[in-house]
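Counted the way our numbering counts, the sequence shown spans residues 3 to 292. Ideal placement from N, C-alpha and C gives every residue a C-beta, glycine not left out.
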Amino acid sequence: MSNSDSTFLPSAEIAVGAPRGTRRGPKKPTPEAVKLEAPPEQVDESWQTQVGNVRRSIVRWLHSAIFAGYSFSLLFHIVLLLAMSLVIFPELIEDPFIQSGMESTEDSAVFDQVVDVRIDVPAGDISQNQLMESAINIEHSTPDAQPVTRSVEDSLDSLLNKEGDQGAGGSLLVVPPNTKTFSKGSFTVWTVPNDPKPGQDYKIMILVKLPSRVERYRATDLAGIVIGTDGYRQPIPGPELRRGNVYLPIEKQQVLFPPIEVPGAASRVRDTIEVRSTTLKEQQRIQIEF
């Protein structure tokens with residue numbers, strides 16, 4: 003057999019390795035699994051818009067001329083009130099208020115004057131008109147006006163006006179000569195007699211120097227206490243000045259407080275006087291040494 007008539011037969015290996023009916027072409031892609039995520043939270047855009055509008059309105063109002071005017075007016079009134087408090091308020095508290103109630107103190111008030119309200123009734127029958135007439139007579143028989151004030155002035159005059167005719171021009175506020183005084187701040191203190199002996203009663207005098215703005219001085223403005231080394235204590239002022247509206251006379255911007263009666267001690271003591279004044283806004287502690 004010639005080579006031209008021969009037929010080419012595929013080998014058995016090739017026929018076995020390639021199955022029939024299979025076409026070669028592009029490979030189909032495998033679908034991938036898609037991961038699902040939760041939808042984002044829905045935000046209320048209208049609420050955010052309202053908040054933003056309010057903020058912008060506030061900022062715009064703070065930068066406006068209306069806010070500047072209100073701020074200037076507020077600052078002006080604050081400065082005005084501060085100035086009034088520094089000028090007017092001290093003038094209002096110069097004259098302390100009048101107390102309508104009774105003070106609660108350890109020492110009870112002692113009344114020097116007793117009014118007799120007894121009615122002498124004659125024997126026999128009395129008509130109603132006679133009783134009314136007797137009651138009217140009692141009502142009109144009142145004591146003199148302001149006896150406390152006059153007694154204070156009389157006591158001061160008897161103590162310190164002895165040298166008024168000797169070149170002092172009749173001045174009420176004259177310190178006796180050779181008197182040992184103790185001064186601190188606006189207060190000057192001394193005793194009468196100057197050097198009391200053991201067992202001898204004495205008086206403590208207090209002289210107050212006032213500023214020019216004070217035109218009248220109330221007796222209850224000065225308050226304090228006298229403390230002795232022997233334990234003796236006495237309040238200032240006394241009960242005779244705590245009742246009623248008593249004003250002390252002012253001379254040359256000085257006020258002499260009524261004498262403070264102190265009983266004599268068995269031995270020599272040292273007194274400490276603590277005083278404070280609302281009008282002067284001052285508080286002092288003065289020691290008296292005998």
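I'd like to know whether the C-beta atoms of residue i and residue j end up nearer to each other than 8 Å.
i: TYR249; j: ARG218; result: yes
i: VAL210; j: GLN285; result: no
i: PRO261; j: LYS199; result: no
i: ILE290; j: LYS186; result: no
i: LEU243; j: THR274; result: no
i: GLY230; j: ALA268; result: no
Return the Cβ separation of residue i and residue j in integer angstroms, given the expectation that the two are a contact with Cβ distance under 8 Å.
i: MET239; j: LEU224; result: The sequence given here has Pro at residue 239, not Met. About 7 Å; that satisfies the 8 Å criterion.
i: ALA228; j: VAL191; result: One point to set straight first is that residue 228 is Val, not Ala, in the sequence displayed. At roughly 10 Å, the Cβ-Cβ gap does not stay under 8 Å, so VAL228 and VAL191 are not in contact.
i: MET207; j: LEU258; result: 7 Å
i: VAL277; j: GLY226; result: 4 Å
Pull the bridge partners of residue i from the DSSP assignment, please.
i: PRO261; result: BP columns for PRO261 are empty, so no partner.
i: PHE184; result: VAL191
i: TYR249; result: ARG220
i: SER73; result: Answer is none; SER73 lacks a bridge partner.
i: VAL228; result: GLN236, ILE275
i: GLN255; result: In the DSSP output, where bridge partners are listed per residue, GLN255 has none listed.
i: GLY80; result: Note that residue 80 is Ile in the sequence shown, not Gly. Partner(s): none; ILE80 has no beta bridge.
i: ILE288; result: ILE275
Residue range of the beta strand (DSSP E) that residue i falls in?
i: TYR204; result: 204-211
i: VAL277; result: 272-279
i: ARG215; result: Segment: none, ARG215 is in no beta strand (DSSP E) and carries neither H nor E.
Using a threshold of 7 Å, is the CB atom of residue i nearer than that to any non-hydrogen atom of the ligand MG?
i: LYS199; result: The ligand content of the structure shown is nil, which means the ligand MG is not present either.
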